[in-house]
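*Asks:* If you read the sequences in order, they're chains A and B. With the numbering used here applied, the first sequence covers 25 to 174. With the numbering used here applied, the second sequence covers 25 to 174. We put the CB at the ideal spot given by N, CA and C, even for glycine. Here the structure is a predicted model, which means the values were calculated and not measured. Have a look at this one before I ask anything.
2 protein chains.
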Amino acid sequence: MAIARPIDRRLFFWFDRAHTILAKEADQFLSDNSGIGSSQASVLTYLGFHDGCGLSELGEGIGRNNPAVTGLINRMEQAGLVKRVHGGLDGRRKRVQLTDEGWSKREQVREDYRIFNERLTRGLTQTETDAVLKFLTLAPENLSKNLSKK
Amino acid sequence: MAIARPIDRRLFFWFDRAHTILAKEADQFLSDNSGIGSSQASVLTYLGFHDGCGLSELGEGIGRNNPAVTGLINRMEQAGLVKRVHGGLDGRRKRVQLTDEGWSKREQVREDYRIFNERLTRGLTQTETDAVLKFLTLAPENLSKNLSKK
DNA sequence: CTGTATTCATTCGCTTGTGAAGCAAATTAC
DNA sequence: GTAATTTGCTTCACAAGCGAATGAATACAG
Numbered sequence: 025m026a027i028a029r030p031i032d033r034r035l036f037f038w039f040d041r042a043h044t045i046l047a048k049e050a051d052q053f054l055s056d057n058s059g060i061g062s063s064q065a066s067v068l069t070y071l072g073f074h075d076g077c078g079l080s081e082l083g084e085g086i087g088r089n090n091p092a093v094t095g096l097i098n099r100m101e102q103a104g105l106v107k108r109v110h111g112g113l114d115g116r117r118k119r120v121q122l123t124d125e126g127w128s129k130r131e132q133v134r135e136d137y138r139i140f141n142e143r144l145t146r147g148l149t150q151t152e153t154d155a156v157l158k159f160l161t162l163a164p165e166n167l168s169k170n171l172s173k174k
Numbered sequence: 025m026a027i028a029r030p031i032d033r034r035l036f037f038w039f040d041r042a043h044t045i046l047a048k049e050a051d052q053f054l055s056d057n058s059g060i061g062s063s064q065a066s067v068l069t070y071l072g073f074h075d076g077c078g079l080s081e082l083g084e085g086i087g088r089n090n091p092a093v094t095g096l097i098n099r100m101e102q103a104g105l106v107k108r109v110h111g112g113l114d115g116r117r118k119r120v121q122l123t124d125e126g127w128s129k130r131e132q133v134r135e136d137y138r139i140f141n142e143r144l145t146r147g148l149t150q151t152e153t154d155a156v157l158k159f160l161t162l163a164p165e166n167l168s169k170n171l172s173k174k
């Protein structure tokens, strides 16, 4: 196996740095255009594909823990973007649904993301963008698998 | 120009999700092994290459704003990892230096990152890892350039 | 020179996330 | 059928980052 190159050792360093910078920009951009932040945008995006899912599943989907989701959905319910409905047979479960306003906001956000993401990938080839997406989806999985065999 | 593929539109969504998950893991991992969090690890990493730099430059380097750096350096000074020294001719400026303990902690962190990053890139080829690093260094730059011509 | 603008760092008030603990509903074990 | 565990969500206390405002020191314009 090849020796890790110095730059590779700083992968997470660059990842973390890029995230704080990009997240600020994304929040600003979304806030200017659609009046919400990136966490709420994540919820809208996820619910667009999984409307009516439970709160825990939502947390899993957007990478936040349960207390964070509770707060996030409180604010979004307050803002009229989503509503909690009872989960049917299971009395503990609550499902989250987009309201009409939520669906319409989601369309705005899709457009914002389209522009923003296009800007992010300037200077990258399609192959490189694919590699980035592969990393972003694979790495969290890799970690959870390797937790045990430290 | 090619039409953006649906998956590409969610680039930032995946980026944000991956970051929260990875950051939690990284904090846990670093905390277990070296007793510090990822923000402090970033400072140690950056200072390893730019020991004695000013607080603003440090913030730029690790992607945090000035108030965040002030707090971070307060905690690290408290912990004996860094010290503030006066910036010479310019009476406003303060420089940050690693203490002996800081240098030694930095070595630990280097090793932690080596292991952690190796884990992150499992399943990726070297070419793909390179693409990820290119993205992480390029995207923040791209944004700041494009701020004006919204 | 002197007044204005700029820069570097800090303080302040607030938001959002975290882990730990708690509660109620459902499931499993015996 | 009851006790013990697990699951889904919420509450709580706290950590850390953000923007805005502030305080000091320097630079610049006339």
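Can you pull the DSSP bridge partners for HIS110 of chain A?
*Replies:* A:LYS118, per the DSSP bridge assignment.
*Asks:* Quick one: is VAL93 of chain A near chain B, going by C-beta distance under 8 Å?
*Replies:* With 8 Å as the cut-off, VAL93 of chain A does not count as an interface residue toward chain B.
*Asks:* If you measure between the beta carbons of TYR70 of chain A and GLY85 of chain A, is that distance less than 8 Å?
*Replies:* Their beta carbons are under 8 Å apart, which means TYR70 of chain A touches GLY85 of chain A by this criterion.
*Asks:* Short check: CB of GLU49 of chain B to CB of LEU167 of chain A, under 8 Å?
*Replies:* The answer is yes: Cβ separation under 8 Å.
*Asks:* Look at the alpha carbon of ASP40 of chain B and the alpha carbon of ARG88 of chain A, and state the distance between them as a whole number of angstroms.
*Replies:* The alpha-carbon atoms of ASP40 of chain B and ARG88 of chain A are separated by roughly 10 Å.
*Asks:* Does chain A have any CB closer than 8 Å to the CB of TRP38 of chain B?
*Replies:* Output row for TRP38 of chain B: interface = yes.
*Asks:* Which residues in chain A have a C-beta closer than 7 Å to the C-beta of HIS74 of chain B? List them in chain order.
*Replies:* Per Cβ cutoff of 7 Å: no residues; HIS74 of chain B is ~13 Å from chain A at best.
*Asks:* So, does the CB of VAL106 of chain A fall closer than 8 Å to a CB anywhere in chain B?
*Replies:* No - not a single Cβ of chain B is within 8 Å of the one on VAL106 of chain A.
*Asks:* Below 8 Å on C-beta distance, what does ASN166 of chain B contact in chain A?
*Replies:* The answer, in chain order, is ARG143, LEU144, ARG146, GLY147.
*Asks:* Could you name the residues of chain B that GLY87 of chain A contacts, counting a contact when the two beta carbons are closer than 8 Å?
*Replies:* Ordered by position in chain B, the residues that pass the 8 Å Cβ test against GLY87 of chain A are ASP40, ARG41, ALA42, HIS43, THR44, ILE45.
*Asks:* In the DSSP output, which residue or residues are listed as bridge partners for GLY104 of chain A?
*Replies:* GLY104 of chain A is not bridged to any residue.
*Asks:* Pairing CB atoms from the stretch 121 to 139 of chain B with CB atoms from the stretch 138 to 155 of chain A, are three or more of them under 8 Å?
*Replies:* No: the two stretches stay apart, fewer than three of their Cβ pairs being nearer than 8 Å.
*Asks:* Give the interface partners of LEU160 of chain B over in chain A, defined as CB-CB distance under 7 Å, in chain order.
*Replies:* Those are TRP38, PHE39, ALA42, listed as they occur along chain A.
*Asks:* Going by the beta-carbon positions, is the gap between TYR137 of chain A and PHE159 of chain B smaller than 8 Å?
*Replies:* Not in contact: TYR137 of chain A and PHE159 of chain B (Cβ atoms no closer than 8 Å).
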